[in-house]
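Trainee:
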Amino acid sequence: MKQLPTLCLLIFFSCKPTPKTEATSDAEIDPTVYEIWEDFTQVNLAFKDEEMPESWFFHDNQKDADRLAKLVIDGKKRASSGLYKWYEDAGADLPKVGTKHIITNFNGTAQAIIEIVQVDTVPFSEISVAYASLDMGTDVDPLVKWKTAHEAFFKSTLEENGQKFDEDMLVVCETFTTIWPKNP
């Protein structure tokens, strides 16, 4: 997903930016984003005429954004989460199966292309260990790590807007596969 203007930008822990409401200009897109899409379509000719997907990075700081991009490349991170409320407040559609995204590092350099394979809406309190493992990229206490990180982030972000966190809040759970580069 393209980066949103600073005023609208919300990047969540091991998640993605909030639903896009404005376009990013071509001048703001790193040349590697175009290059990775060109490389992908040269090998996968069926996608040659598709529009280049949006590009974005996980999280809100360089260390985590770069770490999470590496987990995507390694095939360990295969999910992303956001609050349903954010989509609703933005008037944005929920993610759709088949949608592709170009994942970048914090500096905008293209790292991988992912494709959404499943979208579910689940109450925060009902997130499963299996899903948490996909989102966090680890099998070591994934649910504890997921809930701790996401609750803290959701609370702080909601509080900035005068809203309160509730464990019954719906989470949009996207599961994806890394389609480029191909893992051996």
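Residue numbering for the sequence shown follows the UniProt record's numbering, beginning at 1 and increasing consecutively.
Cβ atoms here follow ideal geometry from the backbone N, Cα and C, with glycine treated the same way.
Being a predicted model, the structure only gives us computed values, none of them experimental.
#1: Hey, out of Pro-123, Glu-54, Leu-170, Ala-110, whose CA is closest to Ile-116's CA?
#2: Quick one: residues in its chain with C-beta nearer than 6 Å to the C-beta of Thr-99, no 5 flanking neighbours on either side, listed in chain order?
#3: Assuming Ala-90 is part of the alpha helix (DSSP H), what are its boundary residues?
#4: To test your reading of the DSSP string, which unbroken alpha helix (DSSP H) runs of 4 or more residues are found completely within the stretch 120-171?
#5: Rounded to the nearest angstrom, what separates Ile-179 and Val-129 at their Cα positions?
#6: Comparing alpha-carbon positions, which option in Glu-167, Asp-139, Asn-161, Thr-138 lies nearest His-150?
#7: According to DSSP, Ala-46 sits in a beta bridge with which residue or residues?
#8: Over what stretch of residues does the beta strand (DSSP E) that includes Lys-100 continue unbroken?
#9: Please state whether DSSP places Ile-58 in a helix, a strand or coil.
#10: With a threshold of 6 Å on Cβ separation, who are the neighbours of Pro-95 within its own chain once the five nearest residues in sequence on each side are excluded?
#11: Please classify Val-33 as buried or exposed, where buried requires at least 16 other C-beta atoms within 10 Å of its C-beta.
#12: Classify Ser-125 as buried or exposed, calling it buried when 16 or more other Cβ atoms lie within 10 Å of its own Cβ.
Mentor: Per the coordinate set shown:
#1: Glu-54
#2: Ile-116
#3: 84-90
#4: 129-136, 142-160
#5: 24 Å
#6: Glu-167
#7: The partner list for Ala-46 (beta bridge, DSSP) is empty, contrary to what the question assumes.
#8: 100-104
#9: The identity of residue 58 in the sequence shown is Phe, whereas the question assumes Ile. Residue state, collapsed to three classes: coil.
#10: Ile-116, Val-119, Glu-174
#11: buried
#12: exposed
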